[in-house]
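Asks: Here's a structure for you.
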Amino acid sequence: MRHFLPDPSDLRWLVRSIELQSFSAAARELDVAVSVVTRGVDRLEAGYGATLLRRSTHGLTPTAEGLELAQEARELLSRLEDISASMLKQRNRVVGALRLASSHEICEELVVPQLARLRAKHPQLRIELVAEDRVADLVTDGIDVALRTTVGNSEAVVARALGAFERRLFASPEYLRQKGVPAHPHELHQHQTVAHTAQGPVVTWGFRKGGKKLQVTLRPPLAANSTALVHQALLAGAGIGVLSVPLAAADVAKGHLVEVLAPYAAGATHTMYAVSLPNLRNAARVRAVIDFLQEAARRHWGMAKENPSQTGGTPA
1 MRHFLPDPSD
11 LRWLVRSIEL
21 QSFSAAAREL
31 DVAVSVVTRG
41 VDRLEAGYGA
51 TLLRRSTHGL
61 TPTAEGLELA
71 QEARELLSRL
81 EDISASMLKQ
91 RNRVVGALRL
101 ASSHEICEEL
111 VVPQLARLRA
121 KHPQLRIELV
131 AEDRVADLVT
141 DGIDVALRTT
151 VGNSEAVVAR
161 ALGAFERRLF
171 ASPEYLRQKG
181 VPAHPHELHQ
191 HQTVAHTAQG
201 PVVTWGFRKG
211 GKKLQVTLRP
221 PLAANSTALV
231 HQALLAGAGI
241 GVLSVPLAAA
251 DVAKGHLVEV
261 LAPYAAGATH
271 TMYAVSLPNL
281 RNAARVRAVI
291 DFLQEAARRH
301 WGMAKENPSQ
311 TGGTPA
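Numbering (UniProt numbering), first residue to last: 1 to 316.
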């Protein structure tokens with residue numbers, strides 16, 4: 001005996017046609033052509049080898065087989081809707097593991113202090129931190145979300161701006177007591193400076209005063225290949241160097257670091273992004289973590305909403 005498996009849509013056409021006593025009324029309600037409804041019922045009749053509806057000028061009249069099938073179909077369609085709702089609810093649950101990648105400095109200074117709040121909000125979420133100063137490859141490294149300050153124009157990733165920040169000059173109070181506080185950017189030539197090796201042996205730091213731009217080119221005697229090391233060197237009194245304002249904020253509040261040449265700050269902003277793969281953009285755990293990080297950036301990291309007209313610039 002031939003096994004017939006009906007299309008749920010065809011069952012829906014049958015049920016609503018019987019209930020509304022009209023193919024055209026069912027078609028209007030379901031926003032399809034009348035021919036779609038009639039062909040669906042025809043497929044059911046051919047598949048079951050039975051007449052389900054009698055057509056006449058007075059409308060539609062269900063046969064005994066049609067009434068029986070319609071009753072079974074109602075129960076089946078209701079069950080299918082329950083399954084869909086259950087799966088949607090499951091898909092929107094924030095559960096499972098999420099691998100979050102960023103530099104050591106961002107992980108330690110910004111992300112880790114927020115983990116307790118994130119875990120409290122999503123207790124079934126397991127966070128795996130991947131702290132590296134190289135740019136992680138989302139595919140080969142199995143990264144769900146990465147924090148970056150540059151994304152380029154690649155269509156291979158989806159980037160959400162978390163917030164805008166500035167980079168400024170800082171030094172320890174002890175260094176400034178010993179070496180003095182520079183009053184003008186050109187006085188940096190008389191000071192010890194610390195830079196990131198990515199900038200090369202010669203760095204150019206930008207400033208602004210009275211609407212005029214000013215640049216100072218220096219050859220720092222100390223350089224490090226990570227922002228975390230630059231930060232530690234400044235805390236140790238090694239000299240004057242550049243840090244992002246969010247990363248320096250805690251040490252400034254504690255009096256461990258002091259901003260230098262604040263009146264000459266360039267005011268250029270940079271953007272932090274949360275980056276993920278396109279196929280994960282709707283995953284509940286990814287959306288939840290990025291939403292949380294965006295809130296943390298604005299409320300706890302002191303970042304402003306991105307203003308594209310102000311991004312870029314130096315010092316970097």
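Don't be surprised by glycine CBs; every beta carbon is placed ideally from N, CA and C.
Quantities reported herein were computed from a predicted structural model and do not represent experimental measurements.
(1) Count Cβ pairs between the region 158-167 and the region 285-294 that sit closer than 8 Å; are there 3 or more?
(2) Please list the segments of the beta strand (DSSP E) lying wholly inside the region 243-287, counting only runs of 3 or more residues, in order along the chain.
(3) Check for me: the alpha helix (DSSP H) holding I18 runs from which residue to which?
(4) Hey, how far is the Cα of F23 from the Cα of R16?
(5) Can you find the residues in the same chain that come closer than 7 Å, C-beta to C-beta, to K121, ignoring five residues on each side of it along the sequence?
(6) Identify the continuous alpha helix (DSSP H) that holds L129 and give its terminal residues.
(7) From L118, L235, G180, L98, pick the residue whose C-alpha is nearest to that of D141; which is it?
(8) Tell me which residues share the same chain as L60 and place their Cβ nearer than 8 Å to its Cβ, disregarding the 5 neighbours each side in the sequence.
(9) Does the distance from the C-beta atom of I240 to that of H186 stay below 8 Å?
(10) Going by C-alpha distance, which of L280, D144, G302 is nearest A253?
(11) Starting from G96, follow its DSSP beta bridges and name the residues at the other end.
(12) Over what stretch of residues does the beta strand (DSSP E) that includes R43 continue unbroken?
(13) How is M303 classed by DSSP in three states: helix, strand or coil?
(14) Please list, in chain order, all residues of the same chain as T204 whose beta carbon is under 6 Å from its beta carbon, the five residues on each side excluded.
(15) To the nearest angstrom, how far is the alpha carbon of G255 from that of A249?
(16) If you check the beta carbons only, do Q114 and H300 fall under 8 Å apart?
(17) Kindly indicate which three-state DSSP category T217 falls into: helix, strand or coil?
(18) Would you report the Cα separation of L5 and L67, rounded to the nearest angstrom?
(19) Is the separation between the beta-carbon of I290 and that of V145 shorter than 8 Å?
(20) For the alpha helix (DSSP H) that R208 lies in, which residues bound it at each end?
(21) Any idea what DSSP makes of S172, helix, strand or coil?
(22) In or out: E174 buried (at least 16 other Cβ within 10 Å) or exposed?
(23) In or out: L188 buried (at least 16 other Cβ within 10 Å) or exposed?
(24) So R208 packs on Y264, CB below 8 Å; how close in whole Å?
Replies: Looking at the atomic coordinates:
(1) Yes, since at least three Cβ pairs between the region 158-167 and the region 285-294 fall closer than 8 Å, the two stretches touch.
(2) 258-260, 269-276
(3) Indexing the sequence shown from 1 puts residue 18 at position 18. 8-20 is the extent of the alpha helix (DSSP H) around I18.
(4) Stepping through the sequence shown from its first residue, residue 23 is reached at position 23. Stepping through the sequence shown from its first residue, residue 16 is reached at position 16. One C-alpha to the other measures close to 8 Å.
(5) Residue mapping note: residue 121 aligns to position 121 of the sequence shown, counting from 1. For K121, where only same-chain residues beyond five positions count, the Cβ hits under 7 Å are F292.
(6) The residue you call residue 129 lines up with position 129 of the sequence shown. Here L129 belongs to no alpha helix (DSSP H); instead the beta strand (DSSP E) covers 125-131.
(7) Taking the first residue of the sequence shown as position 1, residue 141 is located at position 141. Closest by alpha carbon: L98.
(8) Along the sequence shown, read from residue 1 onward, the residue named residue 60 stands at position 60. Excluding positions up to five away in sequence, the list reads S17, I18, Q21, S22, F23, L53, R54.
(9) The residue given as residue 240 occupies position 240 in the sequence shown. The residue given as residue 186 occupies position 186 in the sequence shown. No, the pair does not count as a contact, with Cβ atoms beyond the cut-off.
(10) For the purposes of this step, residue 253 is taken as residue 253 along the sequence shown, with counting starting at 1. Of the candidates L280, D144, G302, the one whose C-alpha sits nearest the C-alpha of A253 is G302.
(11) For this step, residue 96 is matched to residue 96 along the sequence shown. DSSP lists L125 as partners of G96.
(12) The residue given as residue 43 occupies position 43 in the sequence shown. Segment 34-48 is the alpha helix (DSSP H) holding R43; no beta strand (DSSP E) there.
(13) For the purposes of this step, residue 303 is taken as residue 303 along the sequence shown, with counting starting at 1. Here M303 sits in coil by DSSP.
(14) Numbered from its first residue, the sequence shown carries residue 204 at position 204. For T204, where only same-chain residues beyond five positions count, the Cβ hits under 6 Å are Q215, T217.
(15) Sequence index remark: in the sequence shown, residue 255 carries index 255 (1-based). Sequence index remark: in the sequence shown, residue 249 carries index 249 (1-based). Taking the straight line joining both Cα atoms gives about 10 Å.
(16) As a position in the sequence shown, residue 114 is number 114, starting the count at 1. As a position in the sequence shown, residue 300 is number 300, starting the count at 1. Taking 8 Å as the cut-off, the Cβ atoms of Q114 and H300 count as close.
(17) Translated into positions along the sequence shown, residue 217 becomes position 217. T217 falls in the strand class under three-state DSSP.
(18) For the purposes of this step, residue 5 is taken as the residue at position 5 of the sequence shown. For the purposes of this step, residue 67 is taken as the residue at position 67 of the sequence shown. Each residue's Cα considered, the two are about 18 Å apart.
(19) Position 290 of the sequence shown holds residue 290. Position 145 of the sequence shown holds residue 145. The answer is yes: Cβ separation under 8 Å.
(20) The residue labelled residue 208 in the question sits at position 208 within the sequence shown. R208 -> not in any alpha helix (DSSP H); beta strand (DSSP E) instead, spanning 203-209.
(21) Sequence index remark: in the sequence shown, residue 172 carries index 172 (1-based). Note: S172 maps to coil in three-state DSSP.
(22) What you label residue 174 is simply residue 174 of the sequence shown in a count that begins at 1. Exposed.
(23) In the sequence shown, residue 188 corresponds to position 188, counting from 1. Under this definition L188 is a buried residue.
(24) Taking the sequence shown and counting its residues from 1, one reaches residue 208 at position 208. Taking the sequence shown and counting its residues from 1, one reaches residue 264 at position 264. Contact holds; Cβ gap of about 7 Å.
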